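All the letters of the sequence shown, read from the start, carry residue numbers -16 to -1, 1 to 1261 under mature numbering (1 follows the signal peptide of the UniProt record, and there is no 0). Following: one structure in structure tokens, then a few remarks.
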Amino acid sequence: MSVLLLLSGTAIANNGDPVCDWQRVMSADESQSLRVVLKCSLRTINNADSVISNLTSAQMDMITSLTLKCSDVIFFESSLENSFLTQLRRLNHLDLEYCKIKYVPPAVLSTSRELKKLRIRTHNTDWSAMTMDFHSDSLRGLVQLRELDLSDNNIWNLPKELFCPLIGLANLNLTKNRLQDVFELGFSDWGNGPTAPGKTCNTALEDLNLAHNDIISMPDNGLTSLRALKRLYLQENQINQIADRAFVGLTSLNLLNVSSNRLSALPPELFHSTRYLRELYLHNNSINVLAPGLLEGLDQLLVLDMSHNELTSTWVNRDTFSGLVRLVVLNLGHNQLTKIDAHMFQDLYSLQILNLEHNNIEVVADQAFATLSNLHALTLSFNKLKHIKPLHFSGLFVINQLFLDRNRIDTVDEHAFQNCTNLHDLGLYGNALRQVPAALSKLHMLKTLDLGGNVIRHVKNTSFDGLDLLYNLILSNNEISNLTAYTFSTMPLLQVLNLAFNRLTHVDQQAFGTSNKLHAIRLDGNALSDINGMFDGLSKLVWLNVSDNQIANFDYSYLPSSVEWLDMHKNAISDLGNYYVQRDTIQIKMLDASFNRLTEITDTSIPDSVENVFLNNNLIHKIKINTFLRKANLSRVVLYANKMEYIDIASLRLDPVPDNKELPQFYIGDNPLKCDCTTEWLQRINQLSVQRQHPRIMDMDSIMCRLVHSKTEKYKPLLDLKPSQFLCEYESHCFSVCECCDFDACDCEMTCPDNCTCYHDHVWSSNIVDCSNAGYKSIPARIPMDATEIYLDGNDLGDLSSHVFLGKKKLQVLYMNNSNVASLHNKTFNGVPDLRVLHIENNQLDRLNGGEFETLPKLAELYLNDNRITSVANRSFAPLKSLQVLHLENNQINEFRPWQQLNAGNTLTSVSLAGNTWLCECDVIVGLEGWLKNNDYPPSTMLCSDKTTPVAAAIKKCQSERDTGPSIHRPFYKTTVLGTDYVPFVAASLALFIVVFVLVTLALVFRDDLCLWAHSRYGVRVCKSPSSSENDKLYDAYMVYSIKDEEFVNHILSTSLERFGYSLCLHYRDIHVISPAYLMDSFLGASDASKRIIVVLSLSFLQNEWEKPVFRTAFQACLERAKTKKQSVVVLLTTTITPDRELQALLKSCEVVTWGEKRFWDRLRYLMPDPKPMSSAGGDLKKVICDGRPVARYTAAPTSLEAWIRMSPASVTQSQAPTQSSCMSEESSQRTTDEDEDPSNHSYVSIDYQQRHKLHHVYSSIPDPIYNQAGGRTYFV
């Protein structure tokens, strides 16, 4: 029942904190009691303690139902503790969801004695390696439990007698696990037979669900103790065999589901013990044999499903269902039956539903169903029947559904249905009928008739005589070509008529009559060319489909005003006519006119009532202004794949759309849109949504624009266009503020030169003059002064004189490639200071004198390739401070020094020099080699001046000559140290200063790495000196960690550190706390006796110890004292974590080292104090002994024998690396008497040191003082 009252709710933002809410829910059982439910979302189940501890005693007494849902995003392991839920005394419903529990301890819920319903779903199947294990006493104490759900836990095994304590258990769900053996459940009391029965338990169980497991077989006597069991679910397993006595003892069983297994046969005596079976599901197996007498005696059976097997008529005969007098539902579909004999169903007089579909039935004996006097539904679809004879369905007086679809029926006897007068639904789809069967006239109660998929060619107005109650007639996929008047007039209640996919070319007016009941007509997939007058008189027609025909003319006046859904796509309609301009009378809401020949859309083409319009894939090239005004209900308009080049923004204008309604969605992609200066608005139309008068274009990212002017791409995505690319042509233009347009050569008058095309954007910031291939012999004289791009390529310009572009101060792009340019003057480009791109490639230039580009400081791209340039002056490119791209390839340059001539502000990103020749003398090649390396330019494309030697080969040759020594002796001149030139001395001093400065800077930046290196290499502490106050401390480090990380700490961390001579105090190994009240004393005492505190920070630590308030308080007090005494704290991270606020503060104030990082051990030893040298009285180091015997210093006394015995001796002796218990100094366990302390002062917290030789353990422990013989422990407060 729904929630009646929400009491309270909490939502805590901190990551990992519980989120809980309270609810009062009416119980679904017969008691109808009110339950108080607490639902919490946690990271792990261990966080439940913090939730319960915050409840008052009154709240705890109220809770009767508790739901704990753990995080399912990240794998967090949960653990159950014996103190779990102790304080919730009235709890009777417990639900644990997604909590990754590996083990359920003994009697973990024994304190919840009122518990009646328990559900634990870990969903461990999502983590295949995570299984759930039980102790035999895990469920002890739950004597009132009625329902137990352990589904989806990845359980492989169950201990014996696990469920025996649950004496009141009625419902057990074990689905979605990996159980294989039924005997493991402990539900068999067979023992060694009737004379020596075994132990019995759970005799009250009523429901057992074992679906979705891995059970392979059902053995004899596996469930004998479940005498009260009523429902058994075994579907979706791997069962391939069921023993004869598998269900012995299940005398109360009502339902058995063994579907979706691998059964091929069933033993004949299988159901002898289950005489009260009412529902039996055997479908989706491979059963091909039915033993005689298998179902004998099941006279209470109501439902039998044997579909989707391999049964043949050999095994399904007159004896198969003998005695099943109460059977109501029988499903034999999807088998291999070939015939139905007259006595197969002779005892099934109570049968109401019979399914025989998808078999190979060819023969049905006369009166085969005569005894089924109570049959309501018979399905024989997908068989091989050819004829329906008079006595096939005799005796079926109450049948109302008969399906014979997908057979081979070509004749139906006129008396075939004379006993089926109550038939409501008849299916004959997909047969070979050539005419409407006359036998239908006797079916006066028929409501649905499906004759589709046959070969019917003619339909007359007498074909359906007698079908007065028919409301759904299906004649689709036949060969009907003509409908005469009043063909369907004999069916006064007809509502749905389906004539789709026939061969209709003509339909007479009044063919559908004047019925006021006909609501839907399908005529799609025919060959109709005209629908005028076809639907006159159908005043209630709502749904009409005339798509995929040959209709050319259409007007809304052809349709009744009641039509709301109209589909006429895929026709030949060229205009959506509305001759009478009907606005208020048309009610069409969905209009599909796609795939037609529409060319224009106006405001009358689309009804005002429309909501969804599909006009895609037409020939629409124009949408008139205000077409979509007055369309208040408009939701979607699809206009893609048409021929629209221009769209006026006024064509898409809408009436103001209310704020509480979504803007209409338009689709206009895949049109040949021409993006000029009048369509710049299209790119930002979705930003106009604030005005609520324009639609939202949904396919903006797929709209391609045809550019008015582009030398490279004709089409570009709309969203990639810049505003300057929306262009329009112009011949002349004069700004309104211009006062000299009556005079020639006026700067503000723009006239396009002859044979040229000029373009501008909508704000005239782009002005492009395209004179490509215009036949000019010189630069045109009337180029507009505001031109931003000029294209003169493909002309015959010859020599370019000075000042030919004077006044073009806005010019940015200039193309003169392939224009036979022979020379450039120093002032050719004077007056174009903003020029950024210059193309002069493929011309006749033979030299660059040095002053050609001195007036182009902003030039970024220069193309000079494919000319005849033989020389380049040193200053040619020096003025080009912004040059990024330079092309000089395929010229005839003999001497060019790029390392000198291309040092143009170091802005070059791309240089092309291929196809030229180079001087390859060694004194020149040195500079070229350096330039090639610095610019990552491949020398493989360059040749020396002899045009045969690659530059790369010349570089290698010169390198080898330099390596073998100079080949030319140069004169020697004796000079003073400084001579007359002070430059070398100053340069050397400056270089020395820079080197020293860099070294000092590096030393400061990497000082931590240098200190670490010095300590690890030479044992020298450069940056830190040990404190003398630490010398009297008993231990080098006190290590705090999670109990789940004990193996990692004991056998890896402590073993390695103690091998270096460190003495360690481990929290769980050496400290034994009698009561949690003394935990803080143990922390403070151990930290005071240690030089360092090491915290092993792992996920287990955060999920367990850190979540316990007592532990956290004691640990924080320990850290505060360490901070006060300036004691070093080292945090050892084992994994990446998301710290809370307190952990963030801890990490910031401590030294952090990460397990697995580079030089981990060196860094950890650097953060530790220096270990004391192990020497004798004489100062000599003692030799190391590796005798395999445990020594006292390295062996800790166990707190319990069970914890020690878990590690086998074999696990110790197989270790290849020497451990602390087998390799040590002779006097490693000796301590001075200065460390003596009275052991009687404290008695709460202790650290063990006693050795147990015979247990063979490798526990690393703290050193043993030789004086403490009496008590065997060292005590702290």
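The beta carbon of each residue, even a glycine, is placed where N, CA and C say it ideally should be. These numbers come from a predicted model, not from an experiment.
For residue i, list the residues DSSP reports as bridge partners.
{"i": "residue 527", "result": "504 and 549"}
{"i": "residue 62", "result": "85"}
{"i": "residue 1284", "result": "A query on residue 1284 cannot be resolved here, the shown segment of the chain reaching from -16 to 1261 and no further."}
{"i": "residue 845", "result": "821 and 869"}
{"i": "residue 296", "result": "320"}
{"i": "residue 458", "result": "434 and 482"}
{"i": "residue 1048", "result": "1021"}
{"i": "residue 6", "result": "22"}
Would residue i and residue j be called neighbours here (beta carbons separated by less than 8 Å)?
{"i": "residue 610", "j": "residue 567", "result": "no"}
{"i": "residue 97", "j": "residue 127", "result": "yes"}
{"i": "residue 411", "j": "residue 397", "result": "no"}
{"i": "residue 208", "j": "residue 232", "result": "yes"}
{"i": "residue 189", "j": "residue 156", "result": "yes"}
{"i": "residue 402", "j": "residue 379", "result": "no"}
{"i": "residue 688", "j": "residue 701", "result": "yes"}
{"i": "residue 37", "j": "residue 2", "result": "no"}
{"i": "residue 582", "j": "residue 560", "result": "yes"}
{"i": "residue 6", "j": "residue 22", "result": "yes"}
{"i": "residue 864", "j": "residue 840", "result": "yes"}
{"i": "residue 842", "j": "residue 882", "result": "no"}
{"i": "residue 891", "j": "residue 866", "result": "yes"}
{"i": "residue 546", "j": "residue 523", "result": "yes"}
{"i": "residue 1067", "j": "residue 1098", "result": "yes"}
{"i": "residue 570", "j": "residue 540", "result": "yes"}
{"i": "residue 630", "j": "residue 663", "result": "yes"}
{"i": "residue 68", "j": "residue 1087", "result": "no"}
{"i": "residue 142", "j": "residue 169", "result": "yes"}
Smallest Cα separation from residue i: which of the options?
{"i": "residue 507", "options": "863, 495, 899 and 777", "result": "495"}
{"i": "residue 266", "options": "237, 304, 315 and 260", "result": "315"}
{"i": "residue 225", "options": "215, 245 and 237", "result": "245"}
{"i": "residue 534", "options": "551, 550, 489 and 590", "result": "489"}
{"i": "residue 237", "options": "255, 215, 220 and 230", "result": "215"}
{"i": "residue 1103", "options": "1154, 1022, 546 and 608", "result": "1022"}
{"i": "residue 1115", "options": "222, 514, 261 and 1138", "result": "1138"}
{"i": "residue 365", "options": "386, 814, 83 and 279", "result": "386"}
{"i": "residue 894", "options": "845, 875 and 939", "result": "845"}
{"i": "residue 293", "options": "791, 277, 271 and 324", "result": "271"}
{"i": "residue 119", "options": "148, 509, 131 and 930", "result": "148"}
{"i": "residue 137", "options": "899, 986, 115 and 129", "result": "115"}
{"i": "residue 517", "options": "469, 324, 73 and 660", "result": "469"}
{"i": "residue 262", "options": "653, 287 and 250", "result": "287"}
{"i": "residue 313", "options": "144, 774, 649 and 264", "result": "264"}
If residue i sits next to residue j, beta carbons under 8 Å apart, how far is it from one beta carbon to the other, in whole angstroms?
{"i": "residue 810", "j": "residue 827", "result": "Actually they do not touch by this definition, with Cβ atoms about 18 Å apart."}
{"i": "residue 778", "j": "residue 756", "result": "5 Å"}
{"i": "residue 406", "j": "residue 384", "result": "6 Å"}
{"i": "residue 796", "j": "residue 820", "result": "5 Å"}
Could you give the residue range of the beta strand (DSSP E) that holds residue i?
{"i": "residue 884", "result": "Where residue 884 is concerned, there is no enclosing beta strand (DSSP E), although the alpha helix (DSSP H) it sits in stretches over 882 to 885."}
{"i": "residue 51", "result": "49 to 54"}
{"i": "residue 650", "result": "649 to 651"}
{"i": "residue 1112", "result": "1112 to 1117"}
{"i": "residue 701", "result": "699 to 701"}
Could you tell me if the beta carbon of residue i falls within a distance shorter than 7 Å of some heavy atom in the ligand HEM?
{"i": "residue 852", "result": "As for the ligand HEM, it is missing from this structure, which has no ligand bound."}
How far does the alpha helix (DSSP H) with residue i in it extend, from its first residue to its last?
{"i": "residue 909", "result": "906 to 918"}
{"i": "residue 1051", "result": "1051 to 1054"}
{"i": "residue 968", "result": "967 to 989"}
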